[in-house]
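Structure first, then comments.
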C-alpha cells in the first residue's frame, strides 16, 4: 500500500479503481480542508480537489514521475474534475493540528525523518526532465544550479505524519527547479527552528519563547548537524547565505504576487506575514554566527 491508502497500481489503473469505488468526477459531497494560505482545497471521498493554474501541467507531470519512481511520499495525480480542479489522492495521516505540534513537531525523530523524506524526494526528481514548455511558479534564478526539483514550501504545515513519523509532503504548487540547498534552507529555518522564537516544553506544555543565546544556541547547532547527517551531505560553510537568500526571495514572492492582484498573498501581507519574514532576515543576520558549525 502507498501513503494514500490506495492499491499499488499504475495511474490509469488507479483512476479505474477510484471510478469503480467512488465517482471521482461527480461525487458532490465536499469537505473543506484546513490549512494553507493560498488555495481553496476540498476533500471529496478519498480524493482532494484543488484549483489549477498555469503551473499545474508541470506539477502534474512531476507527480506522475514521482509515482513512476516509486516515491510514496507525495499524493498521486488522478485527473481533472468537471469543475476544472485537479484530482489528487488524499494522503491519510495527521497534519497541521495544534495537538500535533505539541507532541511531535520538534522531536529529533521528526527532524531526521523530515530530512530523509526530503532527500528521497530530491533524489526521485533527479531523472525528471521537464519539457522546454514547462512553467513553474518558482524557479531558482541560476539555471546552472538546477540539480533537482524543489518543493519550495517544505515545512511542517505541508508534512503528513503517519504513526507519529513524517510520511509525505503535500501541496506541490510552488515546486520548481533549483538546488537541494534551496529547499533545505527553508526546511531548516522552519523545523529547527532558526528564527526569533523557540518552542519550550519546560512547563510541560509547549510555549513559544524568544530566542536566547545561552539557552538555545547549542541546541540549534546540534539540530543543524543532525539534519545534515540524516540528509546525507556536509553542512555547507555558506549556510547562512542560503537561508537569508531563501527568506528574501520569499518576501519578494509575497510582494510580487500581491502586486499582481493575488488576494491570498495580499492577505498574507495584511496579516503580518511579510513583516514577520523581513524581521526574521535581520534576526538571522545578527545571530547566525552563534550557530555556525566549526
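In the UniProt record's numbering, the protein residues as written are 1 to 294.
For every residue, glycine included, the Cβ atom is placed at its ideal position computed from N, Cα and C.
Check	Outcome
Nearest-angstrom beta carbon gap, residue 91 and residue 42 [assumed within contact, 8 Å]	The Cβ separation is near 15 Å, so there is no contact.
Limits of the unbroken alpha helix (DSSP H) element including residue 318	It is not possible to answer for residue 318, since the shown part of the chain is limited to 1 through 294.
Whether residue 128 touches residue 169 by CB criterion (9 Å)	no
Selection from 154, 132 and 288 that minimises the alpha carbon distance to residue 114	154
For residue 147 and residue 119, believed in contact at Cβ under 8 Å, the rounded distance	13 Å between Cβ atoms; not a contact.
Simplified DSSP assignment, three categories, for residue 271	coil
CB-CB length for residue 281 against residue 244, believed under 8 Å	6 Å
Pairwise C-alpha distance: residue 83 and residue 18	For residue 18, the pLDDT reaches just 47, beneath the cut-off of 50, and the residue's location in the model is therefore unreliable, leaving the point undetermined.
Beta-carbon gap between residue 140 and residue 176 smaller than 9 Å	yes
Close-in-space but distant-in-sequence residues of the same chain around residue 226 (CB under 7 Å, 5 per side omitted)	108, 111 and 112
Outcome for residue 70 when other beta-carbon atoms lying within 10 angstroms are tallied against a minimum of 16	exposed
Cβ neighbour criterion (16 or more within 10 Å) applied to residue 59	buried
DSSP state of residue 157 mapped onto helix, strand, coil	helix
Three-way DSSP call (helix, strand, coil) for residue 277 in this model	helix
Nearest neighbour of residue 283, chosen from 193, 54, 72 and 49 [CA to CA]	193
For residue 300, the nearest candidate out of 30, 65 and 64 (CA to CA)	For residue 300 there is no data in the structure shown, the boundaries of the chain being 1 and 294.
Boundaries of the beta strand (DSSP E) in which residue 59 is found, first to last residue	No beta strand (DSSP E) contains residue 59, which is instead part of the alpha helix (DSSP H) from 56-68.
Where residue 2 sits in the DSSP three-state scheme	Because the pLDDT at residue 2 is just 43, under 50, the model does not fix this residue reliably, and the value given afterwards should be weighed accordingly. Residue 2 falls in the coil class under three-state DSSP.
Member of 96, 56, 45 and 212 whose CA lies at the smallest distance from the CA of residue 288	212
Cβ neighbour criterion (16 or more within 10 Å) applied to residue 268	buried
Environment of residue 56 [buried if 16+ CB atoms lie within 10 Å]	buried
Proximity to residue 125 [Cα-Cα], best of 104, 132, 151 and 133	151
Terminal residues of the beta strand (DSSP E) in which residue 145 lies	Careful: residue 145 lies outside any beta strand (DSSP E) and carries neither H nor E.
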